[in-house]
Amino acid sequence: MSITLPTYSRLEIPLLGRRKRVWAIIATGLRKELRRPAAIVVMALGAAFTTITSIVLLFFAPFFLPGQAHDLTFFALPASNGFVLFFVTLMAAVIGSGLIADDMQSMAFTLYLSRPITQLDYLLAKAAILAPLISMVTILPLLLTALVAALLGLFSWTIALEAMGISLVVGGLLTLFYTTVTLFLSSLTRRKGIAAAAVFAVNFGLTVPAGILADQIKNPAILYIAPWNNYLAVAIAAFGASGAGIDWPQALSILLGVTVLAAIVTYIRMKAVEVISG
Amino acid sequence: MNGVVEAAGVSKWYGEVLGLNAFTASFGKGITGLVGPNGAGKSTLFKLLIGQLHSDQGKITLLGEDPWNNVPLKRRLGYCPEQNQLYGWLTGQQFVETLLRLDGMPAANARTEATAALKIVGLSDAAQRPTQGYSRGMRQRAKLAQALAHHPEILILDEPLSGADPAGRVHILQTISDFAKDGGHVLMSTHVLYEIERVTNNIVLIHNGKAIAAGNIHAIRALIDTHPHAVRIETSKPRQLAQALARMEHLVSFEFPAADTLLVRTRKPDAFYKELPQIVSDTKLDVRGLESPDDSLDAVFRYLVG
Numbered sequence: 017m018s019i020t021l022p023t024y025s026r027l028e029i030p031l032l033g034r035r036k037r038v039w040a041i042i043a044t045g046l047r048k049e050l051r052r053p054a055a056i057v058v059m060a061l062g063a064a065f066t067t068i069t070s071i072v073l074l075f076f077a078p079f080f081l082p083g084q085a086h087d088l089t090f091f092a093l094p095a096s097n098g099f100v101l102f103f104v105t106l107m108a109a110v111i112g113s114g115l116i117a118d119d120m121q122s123m124a125f126t127l128y129l130s131r132p133i134t135q136l137d138y139l140l141a142k143a144a145i146l147a148p149l150i151s152m153v154t155i156l157p158l159l160l161t162a163l164v165a166a167l168l169g170l171f172s173w174t175i176a177l178e179a180m181g182i183s184l185v186v187g188g189l190l191t192l193f194y195t196t197v198t199l200f201l202s203s204l205t206r207r208k209g210i211a212a213a214a215v216f217a218v219n220f221g222l223t224v225p226a227g228i229l230a231d232q233i234k235n236p237a238i239l240y241i242a243p244w245n246n247y248l249a250v251a252i253a254a255f256g257a258s259g260a261g262i263d264w265p266q267a268l269s270i271l272l273g274v275t276v277l278a279a280i281v282t283y284i285r286m287k288a289v290e291v292i293s294g
Numbered sequence: 016m017n018g019v020v021e022a023a024g025v026s027k028w029y030g031e032v033l034g035l036n037a038f039t040a041s042f043g044k045g046i047t048g049l050v051g052p053n054g055a056g057k058s059t060l061f062k063l064l065i066g067q068l069h070s071d072q073g074k075i076t077l078l079g080e081d082p083w084n085n086v087p088l089k090r091r092l093g094y095c096p097e098q099n100q101l102y103g104w105l106t107g108q109q110f111v112e113t114l115l116r117l118d119g120m121p122a123a124n125a126r127t128e129a130t131a132a133l134k135i136v137g138l139s140d141a142a143q144r145p146t147q148g149y150s151r152g153m154r155q156r157a158k159l160a161q162a163l164a165h166h167p168e169i170l171i172l173d174e175p176l177s178g179a180d181p182a183g184r185v186h187i188l189q190t191i192s193d194f195a196k197d198g199g200h201v202l203m204s205t206h207v208l209y210e211i212e213r214v215t216n217n218i219v220l221i222h223n224g225k226a227i228a229a230g231n232i233h234a235i236r237a238l239i240d241t242h243p244h245a246v247r248i249e250t251s252k253p254r255q256l257a258q259a260l261a262r263m264e265h266l267v268s269f270e271f272p273a274a275d276t277l278l279v280r281t282r283k284p285d286a287f288y289k290e291l292p293q294i295v296s297d298t299k300l301d302v303r304g305l306e307s308p309d310d311s312l313d314a315v316f317r318y319l320v321g
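The listed protein sequences correspond, in order, to chains R and G.
Using this note's numbering, the letters of the first sequence map in sequence onto residues 17 to 294.
Using this note's numbering, the letters of the second sequence map in sequence onto residues 16 to 321.
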């Protein structure tokens, strides 16, 4: 009896473009996240809680804001929903913190970069995995709230559509901020626990002390150090409401500045990163 | 400078640890074995070649190009890392397919090529099982499959036989040989020296980050003429034979490892093999077998690194 092994032979196959290669990373990354019970639970709870509470807040807005005109400013309330901060932090920590750190730790990064993809491709793919998931907490609930409000006749379609447009912009800003900052933190370490802790520090570690300090020393400028406060200032102003305590242009500058800086630093870091195994 | 790999004075530090130390070597076409113990700098060299590390000093080229951040060059190489896998929940088929998709291969082609590559390395039966359930040898074969599935010009294989079972070794070595026969180049590292002799005579010996010898195994042997060469002789009268051989001036030592064995060491193996038949004939001693226990890469390596 003889054994015949298949033999190797060279073959030229036309290769697809960059977009398809990036999509391959996204598809694999999404499949990975959707297999993790923790990620699914956080996503489901986050989307459900923020949406439900936002709609409830809208219903009770007349009680919270008595005498206020029935206009766009009502939508500042769901946009300021505290559950958004809670779940966006949880989502960034549970899903985002491991996106790069896990690949570094498992050395999957070595295999990725042994293929004809650039570090920018890799980062864009990771951002494309995280951003839609975060937007389930930052954008989707606001859109659904406006939609429900219009469907139930609580607001005119004109106001609801305007609210949706603004929600897309302010929610998009928050999504962009948390995506870039989380990826930046994830790129700094091979241990996602450290990145997750940093995500919590950036959010609650800055937001809570900033609020207390600003109140104690009667200086609202302290609020600028917390991303959430900056977002609130921008969102509240965008919906034409007031009461953020800080000026929205400065807050917007800080959010955009940090977002761009985090993206650039992450790119430079990934570009220079050397894959060192044991 | 027209080798597949050209390295000139390449040094790489990891903080205070020296990974490569003015490494200079030229790797030719076909299969080249990079031989050295653990920590010698083999993986560092390979990471430099696939552009995942940047040299601190010197110049290194792969297929005539600088590999650092060289994306187009990655289309031309297939890399099989020693340790890592992608995600354990991926089946063997998905693992290879995913990496082919990262190459930009259309989905249908990726599926076909992944299936073919897994068949070549003998993993067809396990293709639909998650790789986390694979044995170490199966993982090695899966990694080899992803390295060659996109039909690269050069394979860079970091310890491809590490942990492989005998059947797996046959598949891996057969695949490597076929790849080279088809015009591909292979750089393959190992610290188990005899493995590489089965596929190539071209080797580069690396130790402490330096290339200590490069070329054909026999050419390297010529470099070590000054080192004693051991010959094991099976005879019924080892002591009498030793007495007869003692007149050879180039002999260094005699040992009697067994009742019917004589182990001699000579500084001039050619002269020894030339003179031995005459001495045996003159003394009429019974010599049943002759072998050189260190006529292998292992011995070459031991000699060269002291």
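Glycine included, C-beta positions come from ideal geometry on N, C-alpha and C.
Within the DSSP secondary-structure output, Tyr29 (chain G) pairs in a beta bridge with G:Val32. In the same chain as Asp118 (chain R), and ignoring 5 residues on each side of it, the C-beta atoms closer than 8 Å to its own belong to Ala124 and Lys208, in chain order.
A Cβ-Cβ contact shorter than 7 Å links Val25 (chain G) with Ser70 (chain G). Annotation: Val38 (chain R) to Leu35 (chain G) spans about 33 Å, alpha carbon to alpha carbon. Under the three-state reduction of DSSP output, Gly48 (chain G) falls in the strand class.
Nearest CB-CB separation between Ala279 (chain R) and chain G: not below the 7 Å threshold. Chain R places a beta carbon closer than 7 Å to that of Pro121 (chain G), counting this residue as a contact. Proximity of Lys48 (chain R) to chain G, defined by a Cβ-Cβ separation below 7 Å, is satisfied.
The C-alpha of Leu114 (chain G) is placed about 8 Å away from the C-alpha of Tyr128 (chain R).
In chain order, Thr66, Val153 and Thr154 place their CB closer than 7 Å to the CB of Val100 (chain R), counting only its own chain and leaving out the 5 sequence neighbours on each side.
For Leu202 (chain G), the enclosing beta strand (DSSP E) covers residues His200 to Thr205. DSSP lists no bridge partner for Leu239 (chain R). In the three-state reduction of the DSSP assignment, Phe103 (chain R) falls in the helix class, which pools H, G and I. Between Leu68 (chain G) and chain R, the shortest Cβ-Cβ separation is below 7 Å. Around Lys89 (chain G), the beta-carbon contacts reaching into chain R at under 9 Å are Leu129, Ser130, Arg131, Pro132 and Ile133. The criterion of a C-beta distance shorter than 7 Å is satisfied by Pro243 (chain G) and Val267 (chain G). Residue contact with chain R for Tyr288 (chain G): absent (no Cβ-Cβ distance below 7 Å to any residue of chain R). Glu249 (chain G) carries a strand assignment under DSSP once its states are collapsed to helix, strand and coil.
Considering only beta carbons, the part of the stretch 16-34 of chain G lying closer than 7 Å to chain R consists of Tyr29, in chain order. At a cut-off of 7 Å between C-beta atoms, Ala40 (chain R) counts as an interface residue with respect to chain G.
The C-alpha of Thr59 (chain G) lies about 13 Å from the C-alpha of Thr205 (chain G). Counting only residues of its own chain and dropping the five nearest sequence neighbours on each side, Ala226 (chain R) has a CB closer than 7 Å to the CB of Ile238, Leu239, Ile241, Ala242 and Asn245.
Listed in chain order, the non-local C-beta contacts of Asp263 (chain R) below 8 Å within the same chain comprise Ala249, local neighbours out to five positions each way being set aside. The beta carbons of Ala257 (chain G) and Arg280 (chain G) sit about 12 Å from each other, so the pair does not count as a contact at 8 Å. Within the same chain, Ser41 and Thr76 come within 6 Å of Glu21 (chain G) by CB-CB distance, once the 5 residues on both sides are set aside. Around the C-beta of Gly93 (chain G), 16 or more other C-beta atoms lie within 10 Å, and the residue is accordingly described as buried.
In this structure, DSSP gives His69 (chain G) a state outside helix and strand, which the three-state scheme calls coil. One Cα belongs to Arg34 (chain R), the other to Thr134 (chain R), and the distance between them is close to 9 Å. Between the stretch 167-185 of chain R and the stretch 216-233 of chain R, the count of Cβ pairs shorter than 8 Å is below three; the stretches do not touch. DSSP, read as helix, strand or coil, puts Tyr283 (chain R) in helix. Comparing C-alpha distances from Thr250 (chain G) to each of G:Val214, G:Ile171, G:Thr276 and G:Leu260 shows the shortest one belongs to G:Thr276.
Cβ-Cβ distances below 6 Å link Leu192 (chain R) to Thr275 in the same chain, with the five nearest sequence neighbours on each side left out; the list follows chain order. Taking 7 Å as the CB threshold, Thr282 (chain R) stays off the interface with chain G. Residue pairing for Lys225 (chain G): DSSP places it in a beta bridge opposite G:His222. The DSSP-derived three-state label of Ile145 (chain R) is helix.
Under the rule that a run must span 3 or more residues, no beta strand (DSSP E) segment is found entirely inside the stretch 50-138 of chain R.
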